[in-house]
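Just below is one structure, and these are the notes that go with it.
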């Protein structure tokens, strides 16, 4: 400070308190600490928590939520929200199962993995179409993200019931064994869904931090008007994140189809709240501009550890909703206190 009197040192200038610096500079760090503490407590007091079967099921359960939470986090970073993800999971899973059976009588049956590949691609294409419609209605028509995706939630769920008449759909036909291996198998001893999750999280992290598109996603969430004035293709970026979110939901739906061996019409009912909760608990700010893949994964893992712990303790699993809601409020409160500027 050149204007300061000699001998006077402003020790408070340019310094952050210990809980606002380094690894503790984000909400994600505090949630990660909470995850470690809660996991340790559950492991100590629940004898079956660390058994191979329980760890396998826990990692699968949280992977499905976390995969969709990655896409949801992208949407939240831009300042939006997607309530349709649970219904998109169900619709994609059901359509994929139906297509696998329907295409078994076509020329694709003679092509190695042709039926399975076509069914999966078309299923993900349908999910992408839902995301495209959401994005266009929000970015171009300028409707509220809440209203648009709430409507899409109802539409997709309704279509799912219409085409199935409420009956579950199981995958069948050529390549079905390969389908199960790719959705419910293991790679290097790890469940396939967990491997997909880790790979997608790395790709998302690189895309957000190292590409122009990723920078535009954050700029858009920070200040959409400023983003537009600086030449960011706002509509294109918004449409892309909604498409990616729906495709993540579609992929999770296909993975659940392989895990369960059937897709009930009520698949993933209420999952949208868990998915958004995982993103928010992990540090994504609903106001936009903040979020990342690590937070989505940690948030989903925390929710699943709580659910699994309650089940192992013999508690009423409905308490999960109470705990998750409390953690959301607590996480946001802690972050608000941590970032509060002194008077």
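In full-length UniProt numbering, the protein residues as written are 1 to 343. For each residue, glycine too, the CB sits at the ideal point set by N, CA and C.
For residue i versus residue j, is the C-beta distance shorter than 9 Å?
{"i": "residue 391", "j": "residue 85", "result": "As shown, the chain starts at 1 and ends at 343. That puts residue 391 outside it, with no answer to give."}
{"i": "residue 79", "j": "residue 330", "result": "no"}
{"i": "residue 128", "j": "residue 243", "result": "yes"}
{"i": "residue 148", "j": "residue 159", "result": "no"}
{"i": "residue 251", "j": "residue 124", "result": "yes"}
{"i": "residue 308", "j": "residue 49", "result": "yes"}
{"i": "residue 104", "j": "residue 173", "result": "yes"}
{"i": "residue 60", "j": "residue 171", "result": "no"}
{"i": "residue 34", "j": "residue 327", "result": "yes"}
{"i": "residue 206", "j": "residue 77", "result": "no"}
{"i": "residue 62", "j": "residue 303", "result": "yes"}
{"i": "residue 305", "j": "residue 58", "result": "yes"}
To the nearest angstrom, report how far apart residue i and residue j are at their CA atoms.
{"i": "residue 38", "j": "residue 75", "result": "28 Å"}
{"i": "residue 176", "j": "residue 289", "result": "42 Å"}
{"i": "residue 23", "j": "residue 29", "result": "Residue placement at residue 23 is poorly supported in this model, since its pLDDT is 49, which falls under 50; the coordinates are not used for a value here."}
{"i": "residue 146", "j": "residue 324", "result": "21 Å"}
{"i": "residue 108", "j": "residue 191", "result": "29 Å"}
{"i": "residue 99", "j": "residue 116", "result": "9 Å"}
{"i": "residue 262", "j": "residue 113", "result": "19 Å"}
{"i": "residue 265", "j": "residue 291", "result": "32 Å"}
{"i": "residue 212", "j": "residue 233", "result": "11 Å"}
{"i": "residue 155", "j": "residue 281", "result": "28 Å"}
{"i": "residue 228", "j": "residue 237", "result": "11 Å"}
{"i": "residue 189", "j": "residue 52", "result": "11 Å"}
{"i": "residue 241", "j": "residue 185", "result": "29 Å"}
{"i": "residue 230", "j": "residue 219", "result": "10 Å"}
{"i": "residue 337", "j": "residue 180", "result": "47 Å"}
{"i": "residue 204", "j": "residue 317", "result": "32 Å"}
{"i": "residue 111", "j": "residue 196", "result": "26 Å"}
{"i": "residue 199", "j": "residue 259", "result": "19 Å"}
{"i": "residue 40", "j": "residue 32", "result": "12 Å"}
{"i": "residue 142", "j": "residue 133", "result": "12 Å"}
{"i": "residue 144", "j": "residue 54", "result": "41 Å"}
{"i": "residue 64", "j": "residue 187", "result": "16 Å"}
{"i": "residue 106", "j": "residue 270", "result": "36 Å"}
{"i": "residue 47", "j": "residue 36", "result": "17 Å"}
If you drop the 5 nearest sequence neighbours on each side, which residues of the same chain put their C-beta closer than 6 Å to that of residue i?
{"i": "residue 4", "result": "Because the pLDDT at residue 4 is just 47, under 50, the model does not fix this residue reliably, and the value given afterwards should be weighed accordingly. The answer is none, since no qualifying residue turns up."}
{"i": "residue 248", "result": "67, 68, 70 and 71"}
{"i": "residue 157", "result": "87"}
{"i": "residue 294", "result": "28"}
{"i": "residue 201", "result": "293 and 297"}
{"i": "residue 208", "result": "214"}
{"i": "residue 210", "result": "none"}
{"i": "residue 221", "result": "77, 78, 79, 288 and 289"}
{"i": "residue 166", "result": "265"}
Less than 8 Å between the CB atoms is what I'm expecting for residue i and residue j, so what's the real figure, rounded?
{"i": "residue 152", "j": "residue 130", "result": "6 Å"}
{"i": "residue 178", "j": "residue 257", "result": "In fact, because the Cβ distance is near 14 Å, the residues do not count as touching under 8 Å."}
{"i": "residue 83", "j": "residue 150", "result": "5 Å"}
{"i": "residue 268", "j": "residue 89", "result": "4 Å"}
{"i": "residue 239", "j": "residue 136", "result": "6 Å"}
{"i": "residue 310", "j": "residue 320", "result": "6 Å"}
Keeping to the same chain, check which residues put their C-beta closer than 7 Å to that of residue i; ignore five residues upstream and five downstream.
{"i": "residue 245", "result": "71, 72, 74, 75, 82, 85 and 131"}
{"i": "residue 161", "result": "265"}
{"i": "residue 101", "result": "172 and 173"}
{"i": "residue 93", "result": "253, 254, 256, 257, 263 and 267"}
{"i": "residue 235", "result": "139 and 140"}
Which same chain residues, not among the five before or five after residue i, have their C-beta less than 8 Å away from its C-beta?
{"i": "residue 334", "result": "27 and 30"}
{"i": "residue 96", "result": "119, 120, 122, 123, 171, 253, 254, 257 and 263"}
{"i": "residue 56", "result": "191"}
{"i": "residue 226", "result": "219"}
{"i": "residue 21", "result": "At residue 21 the pLDDT is 48, less than 50, meaning the model places this residue with poor confidence and gives no usable figure here."}
Quick check: is the beta carbon of residue i nearer than 9 Å to any beta carbon in chain B?
{"i": "residue 101", "result": "As a matter of chain content, chain B is missing from the structure shown, which is built from one protein chain."}
message: Under 8 Å, with one C-beta from each stretch per pair, do the segment 272-284 and the segment 296-303 reach the 3-pair mark?
response: As far as the Cβ criterion goes, the segment 272-284 touches the segment 296-303, which means the pair count is three or higher.
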